[in-house]
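Engineer: The structure follows.
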Amino acid sequence: MKNSISVFDCSVIDLGKISFDEGNLTVVENNSSFPFNVKRVFYLYDIAGGESRGAHSHKECHQFLIAASGSFEVSLDDGKFKRQVFLNRPDIGLHIPPGIWASEINFSSGAICLVLASHTYNEEDYVRNYDDFLSLNKLQIVDYTESILEKSWNWLNDPEIKHLTSTPDFSKEDQQKWFSGLENNTKYWVKGIQYNNKTIGVAGLKKIDTDNKTAEYFGYIGEKEYWGKGLSSDLFTLIFTIAKNQFDLKSLYLNVIPENIRAIKAYEKAGFTISENTDSNVMMSINL
Ligand SMILES: CC(C)(COP(=O)(O)OP(=O)(O)OC[C@H]1O[C@@H](n2cnc3c(N)ncnc32)[C@H](O)[C@@H]1OP(=O)(O)O)[C@@H](O)C(=O)NCCC(=O)NCCS
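Numbering (my numbering), first residue to last: 38 to 325.
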């Protein structure tokens with residue numbers, strides 16, 4: 038499974054230094070060249086040589102670690118890949134985005150670990166149990182609720198998403214009517230997509246044809262920051278499993294506009310092939 042964030046997204050950044058006869062100065066400022074705006078600073082010190090700290094992940098908070106004095110190693114884990122980064126210079130730091138399991142290990146005696154964080158302290162942002170962390174980095178299919186209905190109003194009215202998904206104009210009333218009809222509509226199945234416990238989109242099957250064992254797939258990731266991160270692979274693994282096991286389907290098809298290259302690539306990656314191609318529509322299908 039490819040997570041949206043991997044250990045390879047943790048970058049070592051050279052902050053630069055200004056040298057004087059008396060010594061050196063390194064500056065961190067909230068600006069475009071630093072990966073996030075700093076809201077909190079804390080530092081770890083008086084840690085016995087060889088000791089470890091950390092071992093947790095954050096849901097939203099970015100952190101930037103600097104060995105202000107001495108050295109330590111940072112052990113990074115994204116649930117699939119692990120990586121260790123050695124820090125021993127006050128002018129170099131490590132950016133750890135949220136969603137990474139990190140711990141600081143092998144402190145040299147007298148080391149100071151300076152941490153710049155994007156958020157103020159919030160215990161709810163911490164994931165302290167490794168098994169919880171592993172289950173967090175998963176894409177899940179969840180029930181389509183009123184709250185997803187509300188989100189999808191915003192997503193589908195975003196001009197870019199509206200265009201990519203060929204969504205016609207619709208009113209709040211139309212949407213509510215559609216939502217109320219879901220329970221009794223056996224030809225239609227719609228779910229929310231969650232990643233890291235955050236609702237990021239919608240996926241489903243329509244025109245479910247139990248005689249011919251086929252249906253039309255539809256779906257979109259509404260939170261744009263999750264586009265192009267490889268989540269479609271996990272999404273289709275789940276959709277295909279449900280289509281086969283819950284609906285006993287043998288094939289799926291879908292429609293996409295020709296300029297939606299990312300979507301077409303994602304569908305091809307999942308195994309769909311083009312069955313019809315016109316100026317305004319590409320139809321793709323897959324045998325499950
Ligand atoms: C279409 C969608 C489901 C694809 O899911 P995704 O998780 O973003 O897709 P992936 O990250 O798996 O990327 C799919 C492929 O497109 C490529 N890609 C990513 N961004 C791209 C871009 N801006 N332009 C072209 N190709 C792009 C990727 O490289 C990847 O191919 P690869 O794995 O061979 O490298 C999702 O982007 C989405 O919902 N977009 C908005 C709405 C939409 O288009 N819905 C579909 C309507 S039919």
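For each residue, glycine too, the CB sits at the ideal point set by N, CA and C.
Using CA atoms only, rank isn't needed, just tell me which of K76, F101, L275 is closest to Y158.
Structural biologist: Nearest C-alpha to Y158: K76.
Engineer: Taking I133 and D115 to be in contact with their CB atoms under 8 Å, please state how far apart those CB atoms are, rounded to whole angstroms.
Structural biologist: Between D115 and I133 the Cβ distance is about 11 Å, and since that is not below 8 Å, they are no contact.
Engineer: Starting from the Cα of V179, find the closest Cα among T63, P295, L272 and give me that residue.
Structural biologist: Answer by Cα proximity: L272.
Engineer: Please look up how many angstroms separate the CB atoms of A148 and S108, rounded, as I've assumed it's under 8 Å.
Structural biologist: About 6 Å separates the two Cβ atoms, so the contact holds.
Engineer: Return the CA-CA distance between A105 and C150, expressed in angstroms with no decimal places.
Structural biologist: If you take the alpha carbons of A105 and C150, they lie about 6 Å apart.
Engineer: Per the DSSP calculation, K228 is bridged to which residue(s)?
Structural biologist: According to DSSP, K228 bridges with D180, A240.
Engineer: Looking only at its chain, what residues have a beta carbon closer than 6 Å to the beta carbon of N61, apart from the 5 residues adjacent to it on each side?
Structural biologist: Once the five neighbours on either side are set aside, the close Cβ partners of N61 are K54.
Engineer: Is it the case that the CB of S208 approaches a heavy atom of ligand 1 more closely than 6 Å?
Structural biologist: Checking every heavy atom of ligand 1 against the Cβ of S208, none is found closer than 6 Å.
Engineer: Please determine, among D128, L131, F144, F123, the residue with the shortest C-alpha to C-alpha distance to E88.
Structural biologist: Among D128, L131, F144, F123, the Cα nearest to that of E88 is on F144.
Engineer: Leaving out five residues on either side along the sequence, give the residues of the same chain with a beta carbon under 6 Å from the beta carbon of H95.
Structural biologist: P135, D162.
Engineer: Assuming Y257 and I276 make a contact with CB atoms under 8 Å, what is their CB distance in whole Å?
Structural biologist: Not confirmed; about 13 Å, so no contact.
Engineer: Cβ of V64 within 6 Å of any heavy atom in ligand 1?
Structural biologist: Answer for V64: no, Cβ out of range of ligand 1.
Engineer: Near M38, what residues of its chain come up, given a Cβ to Cβ distance below 6 Å and the 5 sequence neighbours on each side ignored?
Structural biologist: In this prediction, M38 scores a pLDDT of 35, lower than 50, which makes its location untrustworthy; no coordinate-derived value is stated.
Engineer: How long is the line joining the alpha carbons of V64 and L52, rounded to whole angstroms?
Structural biologist: Roughly 7 Å between the two C-alpha positions.
Engineer: Any heavy atom of ligand 1 inside 6 Å of the beta-carbon of V293?
Structural biologist: The answer is yes for V293.
Engineer: Roughly how many whole angstroms lie between the Cα atoms of K261 and P127?
Structural biologist: The straight-line gap from Cα to Cα measures roughly 35 Å.
Engineer: According to DSSP, simplified to helix, strand and coil, what is V44?
Structural biologist: Helix, per DSSP.
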